[in-house]
Each structure stands twice: as C-alpha cells, then as structure tokens.
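Q:
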DNA sequence: GGTGTTATCTAAACACCGTCCAGATCGGAC
DNA sequence: GTCCGATCTGGACGGTGTTTAGATAACACC
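Residue numbers (the working numbering), protein chains in the order written: chain A, 1 to 212; chain B, 213 to 424.
Shown next, in the form of structure tokens:
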C-alpha cells in the first residue's frame, strides 16, 4: 500500500492537510459562524489532533490569513462577473457595489474573518492594489477608463478608496434590523441596496467638464 | 465606618462596581487593545474576583454592550461639536464625516467594540434613530433641513444610511497601510480624509432642482 | 439594637481555548 | 535497507468564560 492507494481515508501522511484545514475552517465558518472557529475545532473537523495544524501554520492567525485569502479571491471573482453590466459609470459602479455587498451577504462569516484580519494588520491583503484581477484594481481601472487621461491619478485613487469604503460600510451594515422597514418599503433587499448606492459616490467629480 | 466614609478604598459593599467595571474595561481597551479585554482582566483591573462581574452583567456580552454604549454617547457628543461648522451641506457633511472618523482614530479599540457588538446583533444601538441627540439623528436632521419638505422621507433616510455607511467604511479603513503614500502626498491624514469624503455622497441628489 | 433577608463578593471547579514539548510514525533519499 | 526529516499524537501549561456553593455585609423591620 501507500503511493498508489489514492482516495483512502488518509492518502498521504495525512494527505494535503494544509488545504484540508483551510477547507475545514471554511466549512465551520459557514455552518456555525466566526465565534465557533477555534483552532481545535478546525483540527477536529479535519480529523487530526489539536497540535497538527502547527506543522502547517505558525499560529491561528496564519490559518485565518489563509482562509481570508481564499475569501478575497472569491470576492474578486464575484465582482469580475459583473464588470460588463451597466452602460454608464454610475450604473456599472452600482452593479459592482451590489456584487460586493451580495458577496458579503452570502458569506457573512467569511467576510468578517477577511476584514478582521485586515483590521488587525491595518492593511488590505498584500498586493491587492497591484495584481490585475483583484477587486480593488477592477474598481480603479473602471474609474480610470471612464475618467480619461486628463484626470489626476490622485483623484482616481481617492475615488476608488471612497467607493471601497462605501461598499464595505454597506456590506457590514446592510443587514441591520433598523433598516428592515425601509427595505420592505422599497420592495426587497436589492432595491434597498441600489437605493443606498445611488446616494453614494459623486462619480461626476471625475469628469473634466464640471457642468456646475 | 460605613455610610459616612465617602472615598475609602471600598466605600460600599464594593462600591459602585457596575460603573467601576465599565471604567476598567475602557481603561484596558485604551491601554492594551481589544484582544486584551477578557472578563477576568476587567475583574482584575477593578480589583475583584473573576465571578464578581456576574452580579452586574449576565455575561461578557452584556458588559461589552455597556462599554459600547458609553462609546456611542461619546461619538454623538463629538459630532454635536461640529454641527455648526460648514456653510453649505457638502462642507457640513464633510465636517461631520471628519469628526466621525477622527473619533474612531482617537479610540480605535472602543470603536471596534462598538461595531463588533452591532455586527453580532445585526443592529445599531437601540433607539439610535429616535433619540434626538444621537449621531444618526444629527445626520438625518441635517439632510432634512437642507433638502426641504418636498423631498421624500425615503430619500432622506437613504441618504443618511449612505452617509453613515461611507463614514463607517472610512473609519475602519482610513489607517490601512496601503493608503500611506497617498496620505503623505496629500500632506497629512486630515487632508486625506477630506479628499476621500469629497468623493462620497452626491448630496445634490436631494435638491429639488436637478440641474441635470 | 438585634434579627432576618437580600444583594454582593469569593473560592473552587468545569470545559474549552491557543500553544508547546517529547516521542511515535512514516515517506523519501541515499 | 538504513537513515533523515517531515508529519502527526498525547499530554501538559496557563488562560478564558461561566457556574456553583458558601462567606460577608448592607438594609428593612420589629
């Protein structure tokens, strides 16, 4: 036995445990929320001893970092899916905002881990403003395409940050109970989101011909 | 001894322990951050046994709720302080936004506790949209005053929520390391904040004469 | 003023947590 | 086939939130 036995209960020494741990963590997150995400619970879920994860991650933080990383990639994909919707800037940015917030609503626990890590580090994931297909760059490139070359990079960056902050704020607060009456009055959650997003981002600021 | 001895080491049975615990928690928060805020540490800081807090709070959550409550009141006061600055809406809202974010920067740990509690409950503090001098109502009333009576309440509420989300997002992300180059390029943190806030909130939406 | 009631506090215990250590186990290189 | 190094386990340590039983002291009442 050994090398050949593919899908045994324990293919390798234990198998690809690093990935198994991240998957287990994601499973716990979806099933029981962030408060249940202890390192021991992850090990239990993966069927190993509590000390096993320490051969793949320096500590609990490093595991959470890995979990957050897959979350950021999934968020990036979700936003790429809508990058062709929307004729003008306003509606495209709204579409991106809806995609962002909907992701956070579909994976609330994961989203919380993602931002808890960022807050602890006081930084977004490394390289987020550089690598081409990240959510952040997608927003910035959208702004840049629309604004044209005359607009200063500083303004592009400020607009991107502003949009990002707004989306993040809405993602964290959209489910708050106080908004339920308004949500229902508008006929559902997505209408509510679009309503809020329509009040956010004065994208006209970026145009060169200020009609004001 | 007893009733008369005012400021002894332990005036009452223990004194006003409930308040002492909240104060101790706030002290730990400022000194060591949110990760150090254990119930036992609070009890230690207040000089009582680990079980003592349970005679004043159902559990740790309830203590944190009390801590968050004082935080929300302090935030409301900080925003009331600037409610007369700024000639037009845009600049007044910017001023309020700066006050909001600066509060979160002055008390980062407290701000985090405040929103962690809200996220757990999926709700802002109870009564926040009702009691007159809350930060939330201050923003809404500002919008209402400017918009005039013709604007629908729904739009006022949406604008308020949008502004709040934007401010919260900026509060949580303003310190992120990725923004440091831009912050320095703009000549300091407050300039950076104003720059981002200027791209947020298309307050013109609320005016009745859409010059568009 | 003594007495009983009730709120308050302590000490000890429980289960769980993150983390480290010594030793067992096993894959792969020589 | 033997050794090495990576991987995993069992057990331990200190810390956590919470509960229980029992001590203590303020207060109400006679």
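Each residue gets a CB set at the ideal place from its N, CA and C atoms; glycine is no exception.
Should residue 385 of chain B be flagged as near chain A, meaning a C-beta pair shorter than 8 Å?
A: The count along the second chain starts at 1 and reaches residue 385 of chain B at position 173. Answer yes: the Cβ-Cβ gap between residue 385 of chain B and chain A drops below 8 Å somewhere.
Q: With a threshold of 8 Å between beta carbons, is residue 236 of chain B in contact with chain A?
A: Within the second chain, the letter at position 24 stands for residue 236 of chain B. Output row for residue 236 of chain B: interface = no.
Q: Go ahead and pull the three-state DSSP assignment for residue 11 of chain A.
A: For the purposes of this step, residue 11 of chain A is taken as the residue at position 11 of the first chain. Below a pLDDT of 50, predicted positions are generally treated as unreliable, and residue 11 of chain A, at 47, falls in that range; no measurement from the model is reported.
Q: Looking at C-alpha atoms only, which residue of A/33, A/71, A/92 and A/68 is the closest neighbour of residue 140 of chain A?
A: Within the first chain, residue 140 of chain A is the residue found at index 140, counting from 1. Selected option, being the one with the closest Cα: A/92.
Q: Please report the Cβ distance between residue 178 of chain A and residue 374 of chain B, rounded to the nearest whole angstrom; I am assuming they are in contact, meaning their Cβ atoms lie under 8 Å.
A: One-based indexing of the first chain puts residue 178 of chain A at position 178. One-based indexing of the second chain puts residue 374 of chain B at position 162. With a Cβ gap of about 14 Å, residue 178 of chain A and residue 374 of chain B do not count as contacting.
Q: Does any residue of chain B bring its CB to less than 8 Å from the CB of residue 157 of chain A?
A: Sequence index remark: in the first chain, residue 157 of chain A carries index 157 (1-based). Chain B contact via Cβ: present.
Q: Taking three-plus beta-carbon pairs below 8 Å as touching, is the segment 46-57 of chain A in contact with the segment 12-26 of chain A?
A: With a cut-off of 8 Å, the segment 12-26 of chain A and the segment 46-57 of chain A count as touching, because enough Cβ pairs lie within range.
Q: Please decide whether residue 135 of chain A counts as near chain B, where near means a Cβ-Cβ distance under 8 Å.
A: Residue 135 of chain A sits at position 135 when you count from the first residue of the first chain. Residue 135 of chain A does not count as touching chain B.
Q: Any heavy atom of the ligand PLP within a distance shorter than 7 Å of the CB on residue 58 of chain A?
A: Among the ligands in the structure shown, none appear at all, so the ligand PLP cannot be discussed.
Q: I need the boundaries of the alpha helix (DSSP H) containing residue 302 of chain B, first residue and last residue.
A: As a first step, residue 302 of chain B must be located in the second chain, where it is residue number 90. Unbroken alpha helix (DSSP H) run through residue 302 of chain B: 301-318.
Q: Can you list the residues of chain B that residue 178 of chain A reaches, using a CB-CB cut of under 8 Å?
A: Within the first chain, residue 178 of chain A is the residue found at index 178, counting from 1. Here the neighbours are 335, 336, 340 and 341.
Q: Shorter than 8 Å from the beta carbon of residue 373 of chain B to some beta carbon of chain A?
A: Here residue 373 of chain B refers to the residue found at position 161 when the second chain is read from its first residue. Taking Cβ atoms only, chain A reaches closer than 8 Å to residue 373 of chain B, which makes this a yes.
Q: If you draw a straight line from the alpha carbon of residue 112 of chain A to that of residue 298 of chain B, how long is it in whole angstroms?
A: Along the first chain, one-based indexing puts residue 112 of chain A at 112. Along the second chain, one-based indexing puts residue 298 of chain B at 86. C-alpha separation (whole angstroms): 36 Å.
Q: Check each residue of the segment 301-332 of chain B: if its Cβ is closer than 8 Å to any Cβ of chain A, include it; give the result in chain order.
A: Here the close residues are 324, 327, 330 and 331.
Q: When we look at the beta-carbon of residue 245 of chain B and count the other beta-carbons within 10 Å, is it buried (16 or more) or exposed?
A: Taking the first residue of the second chain as 1, we reach residue 245 of chain B at position 33. With fewer than 16 other Cβ atoms within 10 Å, it is exposed.
Q: Starting from the Cα of residue 189 of chain A, find the closest Cα among A/98, A/79 and A/199 and give me that residue.
A: For this step, residue 189 of chain A is matched to residue 189 along the first chain. The candidate whose alpha carbon is nearest that of residue 189 of chain A is A/98.
Q: For the segment 326-344 of chain B and the segment 398-412 of chain B, state whether three or more C-beta atom pairs, one from each stretch, are separated by less than 8 Å.
A: Result no; under three Cβ-Cβ pairs closer than 8 Å.
Q: Cβ of residue 165 of chain A within 8 Å of Cβ of residue 385 of chain B?
A: Residue 165 of chain A sits at position 165 when you count from the first residue of the first chain. Residue 385 of chain B sits at position 173 when you count from the first residue of the second chain. Cβ distance < 8 Å, so residue 165 of chain A and residue 385 of chain B count as in contact.
Q: Spatial neighbours of residue 46 of chain A within its chain, please: CB distance less than 6 Å, with the 5 preceding and 5 following residues excluded, ordered by chain position.
A: Here residue 46 of chain A refers to the residue found at position 46 when the first chain is read from its first residue. Taken in chain order, the residues that qualify are 20, 21 and 24.
Q: Under the three-state reduction of DSSP, which class applies to residue 391 of chain B: helix, strand or coil?
A: Position 179 of the second chain, counted from the first residue, corresponds to residue 391 of chain B. Residue 391 of chain B: helix per DSSP, three-state reduction.
Q: Since residue 47 of chain A meets chain B, which of its residues come closer than 9 Å, beta carbon to beta carbon?
A: Translated into the one-based positions of the first chain, residue 47 of chain A becomes position 47. Residues of chain B passing the Cβ test: none, with the nearest at roughly 30 Å.
Q: Step through the CB atoms of chain A and report whether any lies within less than 8 Å of the CB of residue 281 of chain B.
A: The residue labelled residue 281 of chain B in the question sits at position 69 within the second chain. Answer no: the Cβ-Cβ gap between residue 281 of chain B and chain A never drops below 8 Å.
Q: Please determine, among B/248, B/364 and B/371, the residue with the shortest C-alpha to C-alpha distance to residue 349 of chain B.
A: On the second chain, position 137 is the one that residue 349 of chain B refers to. Ranking B/248, B/364 and B/371 by Cα distance to residue 349 of chain B puts B/371 first.
Q: In chain A, what lies closer than 7 Å to residue 412 of chain B by C-beta?
A: Within the second chain, the letter at position 200 stands for residue 412 of chain B. Per Cβ cutoff of 7 Å: 162, 166, 200 and 201.
Q: Would you say residue 271 of chain B reaches chain A, if we count a Cβ-Cβ gap shorter than 8 Å as a contact?
A: By 1-based counting over the second chain, the position of residue 271 of chain B is 59. Chain A, which has no Cβ nearer than 8 Å to the Cβ of residue 271 of chain B, makes this no.
Q: For residue 185 of chain A, return the contacting residues in chain B, with the cut-off set at a CB-CB distance below 7 Å.
A: Position 185 of the first chain holds residue 185 of chain A. In chain order: 366.
Q: From B/388, B/228 and B/411, pick the residue whose C-alpha is nearest to that of residue 317 of chain B; which is it?
A: Position 105 of the second chain, counted from the first residue, corresponds to residue 317 of chain B. Cα-wise, what sits closest to residue 317 of chain B is B/388.
Q: Based on Cα-Cα distance, which residue from B/369, B/397 and B/380 lies nearest to residue 199 of chain A?
A: Position 199 of the first chain, counted from the start, is the residue given in the question as residue 199 of chain A. Taking only the C-alpha atoms, the option nearest residue 199 of chain A is B/369.
Q: State buried or exposed for residue 49 of chain A, treating a residue as buried only when at least 16 other CB atoms are found within 10 Å of its CB.
A: Reading the first chain from its first residue, position 49 is the one you call residue 49 of chain A. Answer is exposed; the Cβ neighbour count stays below 16.
Q: Report buried or exposed for residue 221 of chain A, applying the criterion of at least 16 other Cβ atoms within 10 angstroms of its Cβ.
A: No statement about residue 221 of chain A is possible, as the shown extent of chain A runs from 1 to 212 and does not include it.
Q: Under 8 Å between beta-carbons, which chain B residues line up against residue 146 of chain A? List them in chain order, please.
A: Taking the first chain and counting its residues from 1, the one referred to as residue 146 of chain A is at position 146. Those do not exist, as residue 146 of chain A stays about 14 Å from chain B at its closest Cβ, beyond 8 Å.
Q: When the Cα of residue 82 of chain A is compared with those of A/94, A/73 and A/154, which residue comes out closest?
A: As a working mapping, residue 82 of chain A is identified with position 82 in the first chain. Considering only alpha carbons, the answer is A/94.
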